[in-house]
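Numbering (this note's numbering), first residue to last: 14 to 294. For each residue, glycine too, the CB sits at the ideal point set by N, CA and C.
Written out as structure tokens, the structure reads:
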């Protein structure tokens with residue numbers, strides 16, 4: 014629940030078949046941005062039926078309803094649909110999901126594409142401030158480093174994380190510009206999770222030495238992780254072109270890692286995390 018949010022809130026148990034479509038029927042929005050998911054890899058591994066319901070069946074139902082009602086749909090998928098053996102990946106590369114989470118998200122992509130050919134399917138990897146302050150990888154590093162604690166970062170997992178407010182701007186722009194189909198919506202710059210942690214430290218002036226290098230093989234996690242999830246953003250840059258936020262000012266189609274972390278740091282200085290947490294009941 015949210016406390017006095019500046020927008021309308023509707024509640025639904027999306028694990029129940031038909032609940033999301035009924036909500037869409039009632040509201041008839043111009044754009045549906047579908048973000049709901051079982052996103053914790055360990056949870057999905059322990060409960061694959063729930064992951065299949067929320068990550069695959071539900072998106073298919075919403076895609077069918079949005080197509081029938083004439084609602085523009087943007088569906089969030091994941092870079093984890095790839096096995097991480099050859100990055101950087103384009104939208105034409107065949108997925109090979111390794112975990113229950115990744116398999117359910119790939120099934121969701123296929124369900125959405127089959128039910129609504131006009132939908133946008135966005136493969137993403139993002140970070141930012143959350144209602145709890147403990148959801149994103151950037152918050153993990155910030156919380157530990159700001160307290161003077163060490164934080165482990167994997168040196169053998171590579172990704173292209175994008176600051177979440179920038180992601181939101183891009184997804185809205187994509188829908189308004191009438192884009193359709195599959196897109197990689199991530200930063201054009203890749204790095205290891207260890208180097209991302211060091212980037213957080215630099216952005217806030219923390220001690221980079223507190224970020225300790227480790228390997229995913231040493232983590233003891235049950236769900237398999239793909240080592241190289243670099244995604245190509247060439248298709249998005251080509252199709253959205255000059256409409257990309259900030260392109261006219263910077264000459265760069267999508268923000269790199271330093272720019273994203275600088276925005277993350279500015280939000281902290283401006284009190285954005287506190288305003289978010291104030292919404293939490």
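If we ignore side chains and look at the alpha-carbon of each, how far apart do residue 248 and residue 104 end up? 8 Å
Sheet register partners of residue 47 (DSSP bridge): Looking at the DSSP assignment, residue 47 forms a beta bridge with 88.
Does the Cβ-Cβ distance between residue 43 and residue 23 come in under 9 Å? no
Does the distance from the C-beta atom of residue 68 to that of residue 120 stay below 9 Å? yes
Pull the bridge partners of residue 196 from the DSSP assignment, please. 135
Going by the beta-carbon positions, is the gap between residue 203 and residue 97 smaller than 9 Å? no
Helix, strand or coil at residue 176 according to DSSP, with G and I counted as helix: strand
Kindly indicate the opening and closing residues of the beta strand (DSSP E) around residue 21. Counting along the chain, residue 21 falls outside any beta strand (DSSP E), and DSSP gives it neither H nor E.
When the Cα atoms are used, what is the spatial distance from residue 196 to residue 246? 8 Å
At least three beta-carbon pairs within less than 8 Å, the region 206-217 to the region 147-166: Yes, they touch.
Can at least three beta-carbon pairs, one atom from the region 86-97 and one from the region 142-161, be found at a separation below 8 Å? no
Of the choices 189, 244, 289, 214, whose alpha-carbon is the least far from that of residue 253? 189
Please report the straight-line C-alpha distance between residue 36 and residue 21, rounded to a whole angstrom. Whole-angstrom Cα-Cα distance: 13 Å.
Closer than 8 Å: residue 154 CB and nearest the ligand ZN heavy atom: The ligand content of the structure shown is nil, which means the ligand ZN is not present either.
Just to confirm the assignment: which complete alpha helix (DSSP H) runs, minimum length 4, are found wholly within the region 101-165? Those alpha helix (DSSP H) runs which fall completely within the region 101-165 and span 4+ residues are 113-128, 150-159.
Would you call residue 231 buried or exposed, if buried means 16 or more other Cβ atoms sit within 10 Å of its Cβ? exposed
Residue 227 - containing beta strand (DSSP E), residue span: 224-227
Just the Cα atoms here: how many angstroms apart are residue 278 and residue 285? 10 Å
Roughly how many angstroms lie between the CA atoms of residue 38 and residue 45, to the nearest whole one? 12 Å
When the distance is taken between beta carbons, is residue 124 closer than 9 Å to residue 61? no
Hey, residue 76 and residue 135: beta-carbon distance below 9 Å or not? No, the Cβ-Cβ distance between residue 76 and residue 135 is not below 9 Å.
Roughly how many angstroms separate the alpha carbons of residue 172 and residue 180, rounded to a whole number? Put simply, the backbone Cα of residue 172 is about 15 Å away from that of residue 180.
Starting from residue 55, follow the alpha helix (DSSP H) in both directions and report where the run begins and ends. 54-59
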